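Residue numbers (our numbering): 3 to 437.
All residues carry an ideal CB built from backbone N, CA and C; glycine is no exception.
Note that the structure is a prediction, hence the values are computed from the model and not measured.
Single-structure report; data block below.
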Amino acid sequence: MQAEYRQRREQLMAKIGNGTAIFRSAPMAVMHNDVEYVYRQESDFFYLTGFNEPQAVAVLAPHHSEHRFVLFVQPKDREKEVWTGYLCGVDAAKEIYGADAAYPIAELDEKLPQYLEKSDRIFYHLGRDRNFNDQVLQHYQRLLRTYPKRGTGPIAIEDTSTILHSMRLHKSPSELELMRQAAAIATEAHNHALQITAPGRYEYEIQAEIEHIFRLRGAMGPAYPSIVAAGANACVLHYIENNCQMQENDLLLIDAGCAYGYYNSDITRTFPVNGKFTPEQKILYEIVLSAQEKAIAQVQPGNPFSLVHDTAVRVLTEGLVEIGILKGEIDKLIEDEKYKPFYMHRTSHWLGLDVHDVGVYQYGDNSQILQPGQVLTVEPGLYIVPDTKPAEDQPEIDPRWVGIGIRIEDDVLVTPTGHEVLTAGVPKAVKDVER
Ligand code: GLY
Ligand code: MN
Ligand code: MN
Numbered sequence: 003m004q005a006e007y008r009q010r011r012e013q014l015m016a017k018i019g020n021g022t023a024i025f026r027s028a029p030m031a032v033m034h035n036d037v038e039y040v041y042r043q044e045s046d047f048f049y050l051t052g053f054n055e056p057q058a059v060a061v062l063a064p065h066h067s068e069h070r071f072v073l074f075v076q077p078k079d080r081e082k083e084v085w086t087g088y089l090c091g092v093d094a095a096k097e098i099y100g101a102d103a104a105y106p107i108a109e110l111d112e113k114l115p116q117y118l119e120k121s122d123r124i125f126y127h128l129g130r131d132r133n134f135n136d137q138v139l140q141h142y143q144r145l146l147r148t149y150p151k152r153g154t155g156p157i158a159i160e161d162t163s164t165i166l167h168s169m170r171l172h173k174s175p176s177e178l179e180l181m182r183q184a185a186a187i188a189t190e191a192h193n194h195a196l197q198i199t200a201p202g203r204y205e206y207e208i209q210a211e212i213e214h215i216f217r218l219r220g221a222m223g224p225a226y227p228s229i230v231a232a233g234a235n236a237c238v239l240h241y242i243e244n245n246c247q248m249q250e251n252d253l254l255l256i257d258a259g260c261a262y263g264y265y266n267s268d269i270t271r272t273f274p275v276n277g278k279f280t281p282e283q284k285i286l287y288e289i290v291l292s293a294q295e296k297a298i299a300q301v302q303p304g305n306p307f308s309l310v311h312d313t314a315v316r317v318l319t320e321g322l323v324e325i326g327i328l329k330g331e332i333d334k335l336i337e338d339e340k341y342k343p344f345y346m347h348r349t350s351h352w353l354g355l356d357v358h359d360v361g362v363y364q365y366g367d368n369s370q371i372l373q374p375g376q377v378l379t380v381e382p383g384l385y386i387v388p389d390t391k392p393a394e395d396q397p398e399i400d401p402r403w404v405g406i407g408i409r410i411e412d413d414v415l416v417t418p419t420g421h422e423v424l425t426a427g428v429p430k431a432v433k434d435v436e437r
């Protein structure tokens, strides 16, 4: 893997010319008082270094004669390591992570200027860490002030994301291997959930069994808080309480994926708790399934990203008209977004190191064009949220639909000839989710 991290750094450095790029590790996040969350490196930082410790800074200085890749890290500290475990330290930052130079993080202010003085731009993403933003800006200001003395130095700050995130959007074979594994583990978990769900059981029991499989199979854990939503809970898009008892005629919506080797899966299935759809559930389910299948069919290299969403919206709108929830001419209903009370989210997002992965969706009015190596979710749904007031020109909602929430989500890789559904191992046909 180190060779691949190096290759990514080289690719980035080739694009920043005489610039210097600065990356900050993710901070430790506090859960409560002095208890911290499990540490997870910031994705850009990890993508370029594979280095998984907080309090680190990576510098890429392609124009520097000796030190093109520099790491600032926490030094070895025996006492600290007794409490919180192994620290890589300065020497291993060079030996293991291939840094040309490495320093204790405390020396950042002293050592950083030498990597900026001869650069013409600083590449830096103004992130959430305000203190670190200030630190970078202070270096920048000092160098601007002293520019006349040297005749060199950065005269602009540019966001690194444009370059780096278009790299991250295209997954390499080794990234895809990890994504397939994340997909396979979540597939197993969803299939297990389908087997064990029954009226009387609690949502959290299903969550527990899913997450048990995640960890048992070597995943880092859930990719995001698992959603296990029975009945009308499914109409709350990010329902994560998962504390209700499942009733006889409920549907169960499960949106759960795992992180494996830092890469994520993201799967949603909806199925009847007692094994049989009610007629209304089945009608809505088949509309969503059809929308999902037709949207997936549009995942082809050369197609606009937006076509996937537009396809889902059309099928969902047609379905809603057919069953009388919407009334009117399809194109007009779509243009006026009359489907929105029942389908309020987008159909797709990029998937990778982040669940909602980086990468541009839209350049001005133009959609991103799908290309091989991209991975996106396709996740249409319908939610007949209780107490929804229909628009003025729309019919009252027949109570028989109310409280039904359905989403079906797969992870789809764009291939040179079309697509591959990485999560195809979880059934979704009516006959396969009925028991
Ligand atoms: N589970 C998060 C999402 O589907 O986007
Ligand atoms: Mn999801
Ligand atoms: Mn998703």
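Asked, Found
"Could one say the Cβ of Arg8 lies closer than 7 angstroms to chain B's Cβ atoms, at least one of them?", "Absent from the structure is chain B; it holds one protein chain and no more."
"Give the straight-line distance between the Cα atoms of Asp111 and Gly361, rounded to the nearest whole angstrom.", "32 angstroms"
"Just confirm the distance between the C-beta atoms of Thr272 and Ala236, as a whole number of angstroms; I'd bet it's less than 8 angstroms.", "7 angstroms"
"How big is the Cα-Cα spacing for Asn305 and Ile229?", "31 angstroms"
"What does the alpha-carbon distance come out to for the pair Asp252 and Val290?", "17 angstroms"
"Is the segment 250 to 267 close to the segment 187 to 199, with three or more CB pairs under 8 angstroms?", "yes"
"Compute the beta-carbon to beta-carbon distance between Ile208 and Glu190, rounded to the nearest angstrom, for a pair I have assumed lies under 8 angstroms.", "Not really, about 14 angstroms apart at Cβ, beyond 8 angstroms."
"Can you tell me whether Trp85 is buried or exposed? The criterion is at least 16 other CB atoms within 10 Å of its CB, across all chains shown.", "exposed"
"If you draw a straight line from the C-alpha of Arg203 to the C-alpha of Pro429, how long is it?", "22 angstroms"
"Whose CA, out of Ser168, Gln302 and His141, lies closest to the CA of Thr419?", "Gln302"
"Assign Met169 to one of three DSSP states: helix, strand, or coil.", "helix"
"Shortest alpha-carbon distance to His4 belongs to which of Tyr41, Pro281 and Thr51?", "Inspection of the sequence shows that residue 4 is occupied by Gln rather than by His. That would be Thr51, whose Cα lies nearest to the Cα of Gln4."
"Just how far apart, CA to CA, sit His351 and Val92?", "38 angstroms"
"Alpha carbons only, please: which of Ala188, Glu398, Leu118 and Arg348 is nearest the one belonging to Leu309?", "Arg348"
"Measuring CA to CA, which of Pro64, Leu384, Tyr126 and His358 is closest to Tyr117?", "Pro64"
"Mind checking Ile269: buried by the 16 CB within 10 Å criterion, or exposed?", "buried"
"Taking just the CA atoms, how far does Leu62 sit from His69?", "8 angstroms"
"Measuring alpha carbon to alpha carbon, tell me which residue in Tyr365, Ile408, Gln373 and Leu372 is nearest Ile386.", "Ile408"
"Quick one: what does DSSP say Tyr41 is sitting in, helix, strand or coil?", "coil"
"Is Asp359 near ligand 1, in the sense that its beta carbon is under 6 angstroms from a heavy atom of that ligand?", "no"
"Please indicate yes or no: does the CB of Thr189 lie closer than 6 angstroms to some heavy atom of ligand 3?", "no"
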